[in-house]
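To start, the structure itself, in structure tokens.
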Amino acid sequence: MKDTFPHVFHGRRRWLFATLIGLGIIQAVLSVAIAFYTPQLGTAFAKSGLTGRAGSASGPHSNGTGMSFPALAALLVLAALLLGVARMGERVVAEELGNDYVRSVRKLLITAALAPQRPTSLGTTIARSTNDLSAVKNWVSLGIAPLVVGVPLLAGIVVGMFLLIPALGTVILGVLVVFGVGLLLLSRPLLGRARRLRKVRGRMASQISDIVQAGPAIRVSGGINREVTRIDQLSARVQRAARSRAVVSGAMRGGASAVTALLSVLIGVVGSLAAATPEEVTTAIFIAGLMASPIQDLGRVGEYRQNFRAAARVLYPIFEDARLFRTRQRQARKIAARSQHRGDIPGLAAGALHLVSGGALQEEFPELVARPGARIIITGSPTRVNQVLRLLVGEETEDYARMNIAGRELALLPATVRRELVGVALRDVPLERASIARIVRYRLPQANVPVHELLEQVGLAKVVAELPDEENTVLKRGGKPLSVSAQALLQLARAIAGNPPLLVLDRIDEPLNEDGLSHLRHTLENYPGILVANTQAPEKFLDSYTRWNVDENNG
Numbered sequence: 079m080k081d082t083f084p085h086v087f088h089g090r091r092r093w094l095f096a097t098l099i100g101l102g103i104i105q106a107v108l109s110v111a112i113a114f115y116t117p118q119l120g121t122a123f124a125k126s127g128l129t130g131r132a133g134s135a136s137g138p139h140s141n142g143t144g145m146s147f148p149a150l151a152a153l154l155v156l157a158a159l160l161l162g163v164a165r166m167g168e169r170v171v172a173e174e175l176g177n178d179y180v181r182s183v184r185k186l187l188i189t190a191a192l193a194p195q196r197p198t199s200l201g202t203t204i205a206r207s208t209n210d211l212s213a214v215k216n217w218v219s220l221g222i223a224p225l226v227v228g229v230p231l232l233a234g235i236v237v238g239m240f241l242l243i244p245a246l247g248t249v250i251l252g253v254l255v256v257f258g259v260g261l262l263l264l265s266r267p268l269l270g271r272a273r274r275l276r277k278v279r280g281r282m283a284s285q286i287s288d289i290v291q292a293g294p295a296i297r298v299s300g301g302i303n304r305e306v307t308r309i310d311q312l313s314a315r316v317q318r319a320a321r322s323r324a325v326v327s328g329a330m331r332g333g334a335s336a337v338t339a340l341l342s343v344l345i346g347v348v349g350s351l352a353a354a355t356p357e358e359v360t361t362a363i364f365i366a367g368l369m370a371s372p373i374q375d376l377g378r379v380g381e382y383r384q385n386f387r388a389a390a391r392v393l394y395p396i397f398e399d400a401r402l403f404r405t406r407q408r409q410a411r412k413i414a415a416r417s418q419h420r421g422d423i424p425g426l427a428a429g430a431l432h433l434v435s436g437g438a439l440q441e442e443f444p445e446l447v448a449r450p451g452a453r454i455i456i457t458g459s460p461t462r463v464n465q466v467l468r469l470l471v472g473e474e475t476e477d478y479a480r481m482n483i484a485g486r487e488l489a490l491l492p493a494t495v496r497r498e499l500v501g502v503a504l505r506d507v508p509l510e511r512a513s514i515a516r517i518v519r520y521r522l523p524q525a526n527v528p529v530h531e532l533l534e535q536v537g538l539a540k541v542v543a544e545l546p547d548e549e550n551t552v553l554k555r556g557g558k559p560l561s562v563s564a565q566a567l568l569q570l571a572r573a574i575a576g577n578p579p580l581l582v583l584d585r586i587d588e589p590l591n592e593d594g595l596s597h598l599r600h601t602l603e604n605y606p607g608i609l610v611a612n613t614q615a616p617e618k619f620l621d622s623y624t625r626w627n628v629d630e631n632n633g
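FYI, the numbering for the sequence shown is 79 to 633, going by our numbering.
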């Protein structure tokens, strides 16, 4: 399962990681330098003569560093500003790293949503694309990135402290080790509580999606208050789960705050016992203060890590589906490349259709052989009709049927090739959010599709011309602002683009008005390929046709 997620250390992300490591080292050097030289400002000021006292015999404006007070103060101010710039750069690079990684992850999620291997709901998909992907991004940008920066930073500070004051360096190292062990002990309960919270949130998202989609039925049945109460109960469960997780994550963050305060106290105690000079103790306390920010970040790392693991348990199987789909597409492209020289099956007309049941079906359907110009009306039980329609458009696997069209095995072809052979218009499938021109060209994006001619052919040219942006009008919410009849005709225009050998229509005539049916009839009269349609009233747009009852078998 580890190979299911995209690799974090890949491509340009390698350079981002290298940049973060460099920023961590820079911050460590600047922190040690500031901590070491700041206590010497007092000595430099006393020797500068700015107090009104006589300068020391060692020379005017000099101190143990060989720099005057103004020069030392200016360099320390510059170092502090550079430390802030490095911290800002760290945040920018970390955010870039997280979003770059989530961009790769999102592609897998959308692929799995568009080619699902298992049933899912709209609410669950939305929850995964927001909550789960946010957990992934936070782990990379707010978890991994602080580790990459914080470890070199803290290591550099500890090493510098060992070189300056070994006893105090030992104290700092010991406290950090205890802090790390505490985070590890809290990580397991945090994972369990994060998983419970994510599960409850996902259930609530699915419930909200189902309620919104069933809104008209709920209003008619007087169930608004009942459904609101139901969501409120789920919200209470989310609240309890979030509070439970916050107890553990709060312990991690509180521990980080306590560590920074504890370091200052222990440094003072150990410094006194070790007879350290005031300057050494001041330096150590100053270093402890500079360590506060990375320690606070590390206190949140465990929370982000466990939230990511909880999300990953849900995303792993989904991403496996996406990778399986991509593997099949690569195999299909290879098969298509090997078989592109083949022609039609001997004995069949050019561009003919041959469909025969496979062994995976419990009951076989009649074999279908059709030549260009055939008009076939599919009949039978709704379940079987829907299954055969999925076979015709290439959504089912080759185990269920073998289908040849124009000499090509449809189930073995990638979608980019299959779309050239089959045009599809389905009543229950909403239009995507896109411009009208893009929708018409959607099947054949690389071809020079005559958009205006196709719109005129299906009777939409005048309707589209009246829109503010004409063909560039972006349709939203399933096809608005077009009417239901115009949406069906637009699907027809897309389906016939390029005159594919096979045209599949699923109840596309039902939303059409009289004018729309007239244009459908005219379009099909000029269509040269094979038509397979699922309709209850074929006589409204066809003069002659053949019925194909898929409930009959060959036995």
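Note that beta-carbon positions come from the ideal geometry of N, C-alpha and C, so glycine has one too.
Endpoints, the alpha helix (DSSP H) within which Gly228 is located | 223-242
Cα-Cα separation between Ile112 and Leu154, rounded to whole angstroms | 6 Å
Whose C-beta lies closer than 8 Å to the C-beta of Lys554 among residues of the same chain, with five residues either side of it excluded?
-> Arg511
Mind checking whether Ala484 and Leu467 have CB atoms under 8 Å apart?
-> No, these two residues do not count as a Cβ contact at 8 Å.
Excluding sequence positions up to five away, which residues of its chain have a Cβ less than 8 Å from the Cβ of Arg383?
-> Correct list, in chain order: Trp217, Gly221, Ser265.
Determine, using beta carbons only, whether Leu583 and Ala615 come nearer to each other than 8 Å.
-> no
Buried versus exposed, by CB contacts within 10 Å (16 or more), Asn591 | So Asn591 ends up on the exposed side.
May I ask which residues mark the beginning and end of the alpha helix (DSSP H) holding Trp93?
-> 90-115
Which of the three DSSP states, helix, strand or coil, is assigned to Asn604?
-> coil
Environment of Gln39 [buried if 16+ CB atoms lie within 10 Å] = Only positions 79 to 633 of the chain appear in this structure, which leaves residue 39 out of reach.
Report, in whole angstroms, the separation of the C-beta atoms of Ala503 and Ile608, which I expect to be a contact under 8 Å.
-> 14 Å between Cβ atoms; not a contact.
Report the rounded CA-to-CA distance for Ala352 versus Thr248, giving the unit in angstroms.
-> 12 Å
Does the segment 367-385 come within contact of the segment 321-338, defined as at least 3 CB pairs closer than 8 Å?
-> yes
Three-way DSSP call (helix, strand, coil) for Asp210 in this model = helix
Hey, out of Ala354, Pro579, Tyr394, Ala292, whose CA is closest to Arg497's CA?
-> Distances from the alpha-carbon of Arg497 to those of Ala354, Pro579, Tyr394, Ala292 put Pro579 closest.
Looking at C-alpha atoms only, which residue of Val229, Glu617, Leu431 is the closest neighbour of Gly377?
-> Val229
His432 in three-state terms, based on DSSP = strand
Would the beta-carbon of Ala295 be found less than 7 Å away from any heavy atom of the ligand ADP?
-> Among the components modelled here there is no ligand, and therefore nothing to report on the ligand ADP.
Selection from Gly367, Glu358, Glu357, Ser313 that minimises the alpha carbon distance to Ala336 = Closest by alpha carbon: Gly367.
Check Glu617 in the structure and name its three-state DSSP category.
-> helix
Could you tell me the boundaries of the beta strand (DSSP E) in which Ala448 lies?
-> 446-448
Rank Pro444, Thr116, Glu531, Glu544 by C-alpha distance to the C-alpha of Pro356 and give the top, closest one.
-> Looking at the Cα atoms, Thr116 is the closest of the given residues.
Stretch-stretch touch, CB-based, cutoff 8 Å, three pairs: the segment 90-103 with the segment 225-242 = yes
Arg486 (DSSP reduced to helix, strand or coil) | strand
Status (buried if at least 16 other CB within 10 Å, exposed otherwise) for Leu159 | exposed
Validate contact between the segment 547-562 and the segment 597-607 using beta carbons, cut 8 Å, 3 pairs | no
Every unbroken beta strand (DSSP E) inside the segment 479-559 [3 residues or more] | 479-483, 500-504
Take every Cβ of the segment 385-392, pair it with every Cβ of the segment 281-289, and state whether three or more of those distances are shorter than 8 Å.
-> no
Going straight from the alpha carbon of Arg184 to that of Leu211, what length do you get?
-> 7 Å
Span separating the alpha-carbon of Ser596 from that of Glu544 = 21 Å
Residue from Val325, Val326, Phe364 whose Cα sits closest to the Cα of Val343 = Phe364
So, Leu538 versus Ala571, is the Cβ gap smaller than 8 Å?
-> A distance below 8 Å separates the beta carbons of Leu538 and Ala571.
Quick one: what's Thr624 bridged to in DSSP?
-> DSSP lists Ile454 as the beta-bridge partner residues of Thr624.
The segment 273-280 touching the segment 313-326, judged by at least three CB pairs closer than 8 Å = Result yes; three or more Cβ-Cβ pairs closer than 8 Å.
Check each candidate in Gly301, Arg91, Ile517 and name the one with the smallest Cα separation from Asn177.
-> Distances from the alpha-carbon of Asn177 to those of Gly301, Arg91, Ile517 put Arg91 closest.
Select from Ile309, Val326, Leu246 the residue whose C-alpha is nearest the C-alpha of Leu268.
-> Val326
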